[in-house]
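Report on one structure; see the data block that follows.
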Ligand code: ASP
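Have a look at this one:
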């Protein structure tokens, strides 16, 4: 049976049931687990795993993992070494969410190298969910985060070179991976963790699309687009051209598909099909990737284009990197 037919069938079944499913008791956890997008997810997972393995909670774990991605590496797409926007400013987006619905986020944040921790402070210390731009920066400074220059000499050089053509052309990562000296012009670390207590949390942090318009905000800090977590079901996160996730409330969609009974992998596949259905032509030229984990610790992923890898870490496997299935085998732009 095609996954589309399975989807229709489960939708029809759901239509006969109560509109809002009753809250279910949380399952006894099969054990802690953390998953992350891309190859830098492997070392980031290790940081998160340190906390989970010591009996720590999922929220602390994803914050630690995301913090590593923000400053422990020098990557052109996340945190301190992120490529700037077209006016030369490095602006960062991040969100964090607990499975009980608590969440916080920052967007277009400048000069602060741990946006994920600022997002957590927004969640824990304000009545709001999302702070942006100057307001987010002021809040971060008031909370003790030290402002610093985020644009590295290498990022500045890349920006100056880009200005020679000023062509905004998001690249499909698959072609660029493994090319020596190559830097991706967009990616995100999206991380989902399941604690030994059965509770979940997620984090998502990025510098967004290189050379974006100043003020552009992607999916990563938008709850439901780049990240969504519900202890009753599971969590989902995204990477790729954020406008597609925003158009489709994509991470929420993946979680809701899991709520209807789909496996994480089918839910990601169906959400990718939705992206294709909405913009069939555009989807041939850009990358969209989903990663999901349900509250039993089952993991799935799917991408538009081949090349999306994700990292899985639990008591049995610490450094596993898996290739996600994709709609398109080729990645020509
Ligand atoms: N989703 C990010 C954004 O649109 C970029 C990426 O993950 O590739 O800002």
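Residue numbers (my numbering): 450 to 782. A virtual CB, placed ideally from N, CA and C, is assigned to each residue, including glycine.
Residue i, enclosing beta strand (DSSP E) - first and last residue
i: residue 662; result: Where residue 662 is concerned, there is no enclosing beta strand (DSSP E), given that its DSSP letter is neither H nor E.
i: residue 735; result: From DSSP, residue 735 is part of no beta strand (DSSP E); its letter is neither H nor E.
i: residue 618; result: That residue, residue 618, is in no beta strand (DSSP E); it is neither H nor E in DSSP.
i: residue 651; result: 649-655
i: residue 758; result: 758-763
i: residue 557; result: 552-558
i: residue 772; result: 769-772
i: residue 754; result: 748-754
i: residue 777; result: 775-777
i: residue 674; result: Here residue 674 belongs to no beta strand (DSSP E), and DSSP marks it neither H nor E.
i: residue 485; result: 482-486
i: residue 545; result: 541-547
Ligand 2 heavy atom lying under 7 Å from the CB of residue i
i: residue 688; result: The ligand content of the structure shown is limited to ligand 1, which means ligand 2 is not among them.
Residue from the options whose Cα sits closest to the Cα of residue i
i: residue 549; options: 715, 679, 496 and 561; result: 679
i: residue 647; options: 507, 499, 500 and 523; result: 507
i: residue 771; options: 707, 699, 603 and 740; result: 740
i: residue 535; options: 697, 674 and 661; result: 661
i: residue 685; options: 717, 602, 655 and 585; result: 717
i: residue 707; options: 682, 725, 569 and 727; result: 682
i: residue 523; options: 603, 691 and 734; result: 603
i: residue 698; options: 580, 710, 640 and 727; result: 727
i: residue 512; options: 775, 642 and 502; result: 642
i: residue 537; options: 588, 503 and 607; result: 607
i: residue 544; options: 505, 526 and 578; result: 578
i: residue 556; options: 759, 589 and 509; result: 589
i: residue 532; options: 491, 570 and 605; result: 605
i: residue 583; options: 574, 596 and 546; result: 596
Proximity test, residue i beta-carbon vs ligand 1 heavy atom, cut-off 7 Å
i: residue 669; result: yes
i: residue 577; result: no
i: residue 428; result: For residue 428 there is no data in the structure shown, the boundaries of the chain being 450 and 782.
i: residue 640; result: no
i: residue 542; result: yes
i: residue 636; result: yes
i: residue 655; result: yes
i: residue 658; result: yes
i: residue 675; result: yes
i: residue 531; result: no
i: residue 683; result: no
i: residue 528; result: no
i: residue 691; result: yes
Limits of the unbroken alpha helix (DSSP H) element including residue i
i: residue 568; result: 564-574
i: residue 706; result: 699-708
i: residue 587; result: 582-591
i: residue 719; result: 713-727
i: residue 682; result: Element bounds for residue 682: n/a, residue is neither H nor E.
i: residue 646; result: It is not in any alpha helix (DSSP H) - residue 646 carries neither H nor E in the DSSP assignment.
i: residue 507; result: 507-516
i: residue 502; result: 490-502
Anticipated Cβ contact below 8 Å, residue i with residue j, distance rounded
i: residue 751; j: residue 721; result: 5 Å
i: residue 514; j: residue 493; result: 4 Å
i: residue 520; j: residue 528; result: 6 Å
i: residue 829; j: residue 562; result: Since the displayed the chain opens at 450 and closes at 782, residue 829 lies outside it and no answer follows.
i: residue 700; j: residue 674; result: 6 Å
i: residue 655; j: residue 664; result: Rounded, the Cβ-Cβ distance is 16 Å, inconsistent with contact.
i: residue 737; j: residue 705; result: Going by Cβ atoms, the distance from residue 737 to residue 705 rounds to 17 Å, so no, they are not a contact pair.
i: residue 725; j: residue 776; result: 6 Å
i: residue 747; j: residue 774; result: About 15 Å; that fails the 8 Å criterion.
i: residue 490; j: residue 760; result: 3 Å
CB contact below 8 Å: residue i versus chain B
i: residue 642; result: The displayed structure is made up of one protein chain only, and chain B is not part of it.
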